[in-house]
Amino acid sequence: MKYLYQDSVELPVERDFILDLTDLLKLTVAVYPLENGIISANKEIESESLAKDRKVARLEAFESGVGMQLGEMIADDATYEMRICKDATSEACTTCADQQKVKIESDFDVSFNDLIGKIDHNSEEMRKILSPFLESGVYGTRQRYSLTSEGGSTLRGEFEAEVDGLSFAYELEFKEPVLVKQLVGVFSVPIPGKSGIFRKEDVLKMLDISNHRLVGVEYTDEHIIAEFKDRKGEKAVRIEMQHATNNYSVVYGDAEPINLTKDESILEVIDSAEVTYLMQEVISCIRDTPKRRVSMLKAMTFDGVNVIEESIIFDSLKVVFAKYGKIASECIAHGATKDELVVKIESDSGARSEKYMPISTIESCLSEIGEKGIELAGVFGLDSLK
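Per the numbering used here, residue 3 is the first one in the sequence shown, and the count goes up by one each step.
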């Protein structure tokens, strides 16, 4: 698929910008009441904590005052009976004060737990809303996938991304083990060996790794490293490829690994196009969300601060809106109208379609969230689009 401006100039991102912008606006409106709920609950916790402390302090002051008054009342002419009454009264006051302090703490705990429950619920709902969007919907991130498989199990690991102080990380786990033949069908690599009954000679043998499992992936903006092993965990093949040049290396073996691509005679036999195709399919596989059993947003920070816990989601969204605003501005510059964004989508067959979003739709969505919406509109550059 190709994504183009209305005048057929390609977008700077290979994404359906109108769909992504629609999702961004929806999640922004959806997280607004949730974050407000967290802010409100935290303020209520702070207020109730102060009120609790004041009540306890007044009780303690009352208890201390009663003791002082009783002491003054019997200071000069205390009889045995009066001292007995004084001690009993003081003890009763202390007992009552302690009981009331326990009740104050208990009432606070009930309210505190309810409010923490609300915060936890809203936080989890925010993660659910943000999770499907962040991995691919935040443009211009520096990314890293790190996945491993042990004992023939499924791939699991994490995905991390960062841009302009905003960072987030996912826990990933795939549904099924991934075989080479599921990615590209039949695939073999030439490895050095010996042949001959009486006289052993060096030969190249083609090792079919079609049934090898993908057991490790490291994927960054610069390179991808993929490791494949057979069912016994032997005959390992590791391929590393640079994205910018498609330069690659193929390493065979674990204990004494051999870099096959350093041997010119072996390198001549390796089909570069097949290697590149395999690695591209590995990338497609690890980015294919339907293949995952788990894809959970486990952390999101802005300038090192936890976005959800500290209720600064809208500060972090400014980073995203700024990047989307630049593309929106280019949509207007490359378009035929000033009141809507238009993007062309060209399929692999050459068929084209167009998607639209009126500027008024963006304005309407952001106006729903008041002052924060005004700030996001400013970062997006909404006024300059009109």
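A virtual CB, placed ideally from N, CA and C, is assigned to each residue, including glycine. Small disclaimer: the values here were computed from a predicted structure and weren't measured.
Comparing C-alpha positions only, which one of Cys98, Glu65, Gly119, Ser349 sits nearest to Ala43? Gly119
To which residues of the same chain is Arg146 closer than 6 angstroms at the C-beta, ignoring the five residues directly before and after it? Glu162, Thr222
Distance check for Phe189 and Leu209, CA to CA, integer angstroms please. 8 angstroms
Could you check the C-alpha separation between Met243 and Val180 for me, to the nearest Å? 19 angstroms
Whole-angstrom C-beta distance between His336 and Asp122, which should lie under 8 angstroms: At roughly 46 angstroms, the Cβ-Cβ gap does not stay under 8 angstroms, so Asp122 and His336 are not in contact.
By DSSP's criteria, His225 is part of a beta bridge. Which residues make up the other side? Gln244
Going by DSSP, what residue range makes up the beta strand (DSSP E) through Ile347? 342-348
With 16 as the cutoff for other CB atoms within 10 Å, does Thr1 come out buried or exposed? Because the chain is modelled from 3 through 388, residue 1 falls outside the range shown and cannot be assessed.
C-alpha gap between Leu132 and Leu29, whole angstroms: 7 angstroms
Can you tell me which of the three DSSP states Val15 falls into? coil
By Cβ distance, which residues of its chain are closer than 7 angstroms to Phe304, with the 5 residues on each side in sequence left out? Gly167, Leu168, Ile314, Asp317, Ser318
8 angstroms contact criterion, which Ser51 and Gly69 should meet: CB distance rounded: Going by Cβ atoms, the distance from Ser51 to Gly69 rounds to 27 angstroms, so no, they are not a contact pair.
Do Val381 and Lys320 have their C-beta atoms within less than 8 angstroms of each other? yes
Would you check if the segment 218-235 and the segment 259-266 touch, i.e. whether three or more CB-CB distances between them fall below 8 angstroms? no
Thinking Val284 and Ile226 are a contact (beta carbons under 8 angstroms), I'd like their distance in whole angstroms, please. 7 angstroms
Please state if the CB of Leu136 and the CB of Arg158 are separated by a distance shorter than 8 angstroms. no
Of the listed residues Thr291, Ser108, Gln282, nearest to Leu185 (C-alpha basis): Gln282
Can you look up Ile2 in the DSSP assignment and give me helix, strand or coil? The displayed coordinates of the chain run from 3 to 388. Any statement about residue 2 would go beyond what the structure contains.
Output needed for Val252: all residues of its chain with C-beta closer than 8 angstroms, excluding positions within five of it in sequence on either side, in chain order. Val191, Val239, Arg240, Ile241, Asn261, Leu262, Thr263, Ile272, Val277
Hey, Lys177 and Arg289: beta-carbon distance below 8 angstroms or not? no
Thinking just about the alpha-carbon of each residue, which of Pro292, Arg354, Ala379 is nearest to the one in Val322? Ala379
Report the rounded CA-to-CA distance for Glu370 versus Ala353, giving the unit in angstroms. 37 angstroms
Please classify Asp22 as buried or exposed, where buried requires at least 16 neighbouring CB atoms within 10 angstroms. buried
Could you check the C-alpha separation between Ser351 and Ile310 for me, to the nearest Å? 43 angstroms
Shortest alpha-carbon distance to Glu312 belongs to which of Leu13, Thr24, Ile40, Thr81? Ile40
By the DSSP assignment, the beta strand (DSSP E) with Arg354 in it spans what residues? 354-360
Alpha carbon to alpha carbon, how far is Glu356 from Glu12? Give it in angstroms, no decimals. 13 angstroms
Are there 16 or more other CB atoms within 10 angstroms of the CB of Gly198, so buried, or fewer, so exposed? For Gly198, the predicted structure reports a pLDDT of 48, less than 50, and the residue's modelled location is therefore unreliable. The matter cannot be settled from this model.
Mind checking whether Val165 and His214 have CB atoms under 8 angstroms apart? no
Based on the DSSP secondary-structure assignment, which residues constitute the bridge partners of Ser42? DSSP, once it has assigned bridges, lists no residue as partnering Ser42.
Could you give the first and the last residue of the continuous beta strand (DSSP E) run that contains Ser297? 294-304
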